[in-house]
Amino acid sequence: MMHAFLGAVLLAGAIMPPAAHAQAPAAAVAAPDPARLAAARELIDVLMPPESRAQMIEAMIAPMLGNLQQGMAQSPMFSSAMAEHPEMQTRFATFLERQQVRTMTLMRDGLPSMVDAMARAYARRFDVAQCRDIKAFFATPSGRAYMQQSLTIMADPDVAAWQRSMMESSMAHMQADVAEFAKQAATPAQKKK
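Residue numbers for the sequence shown, in our numbering: 20 to 212.
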């Protein structure tokens, strides 16, 4: 059953990436047109006002992480592993809390580069007129309502239930996958045991 616990830890690491996760090198991409980039930056400032960006990111990510954690905790494999190793419950809770703090810190620290990357991405996809049209929509009452409500989508009961369901499905295969990995990773001396 220790394989089940290891699987849960590996899965938690996969869903809550630490700051040290290696990133694949980016392919060379042409710089966007400066006029489009300027219009895209104005649009991003409307979509994610600089004074509330950190709160917006946290409002989107915190419910998602909570849903994933709750889904993992409800998994029969995970519950069984915790029942067999009750001392691990506190350790695992501490681990999850630390990962959530790290994820939030990573996201807050990465906001400036994320905003720049998003502006460049928007500039490649939308011309100046389109950026202005989108910006105009978000200045309307419907656009403002959409922006405010979109932040709460991850906390919606249906979305939360879907995330928990996905986590349970993922965890259902984890025990066998971890056992297979452990078998493949065993050193020759361990395999003889």
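Think of the CB as a built atom: it goes at the ideal place given N, C-alpha and C, for glycine as much as any other residue. Please read these numbers as outputs of a predicted model, since none were measured by experiment.
Query, Result
"A41, buried or exposed, once every other Cβ within 10 Å from all chains shown has been counted against 16", "Residue placement at A41 cannot be trusted, given a pLDDT of 45 that sits under 50; what the coordinates show is reported in the next sentence. A41 comes out exposed."
"Where M185 falls, given that 16 or more other Cβ within 10 Å makes a residue buried", "exposed"
"Helix, strand or coil at G90 [DSSP, three-state]", "helix"
"Candidates Q182, E199, M133 and A179: closest to P69 by CA position", "M133"
"Cβ distance (whole Å) where I63 is taken to contact M137 below 8 Å", "6 Å"
"Inter-residue CB distance, T122 and I80 (contact presumed, cutoff 8 Å)", "7 Å"
"Contact the stretch 47 to 57 vs the stretch 81 to 91: 3+ CB pairs below 8 Å", "no"
"Identity of the residue in Y165, L170 and E199 nearest Q74 by Cα", "L170"
"Among E116, E106, R117 and P131, the one whose alpha carbon lies nearest that of R60", "P131"
"Contact check, L219 vs A142, beta carbons under 8 Å", "Since the first and last residues shown for the chain are 20 and 212, residue 219 lies out of range."
"Identity of the residue in A204, R183 and R72 nearest S94 by Cα", "R183"
"Residues of its chain near F156, where Cβ-Cβ distance is below 6 Å and the 5 sequence neighbours each way are ignored", "G162"
"Cβ pair A78, R151 closer than 8 Å", "no"
"Burial state of A148, where buried means 16 or more other Cβ atoms lie within 10 Å", "exposed"
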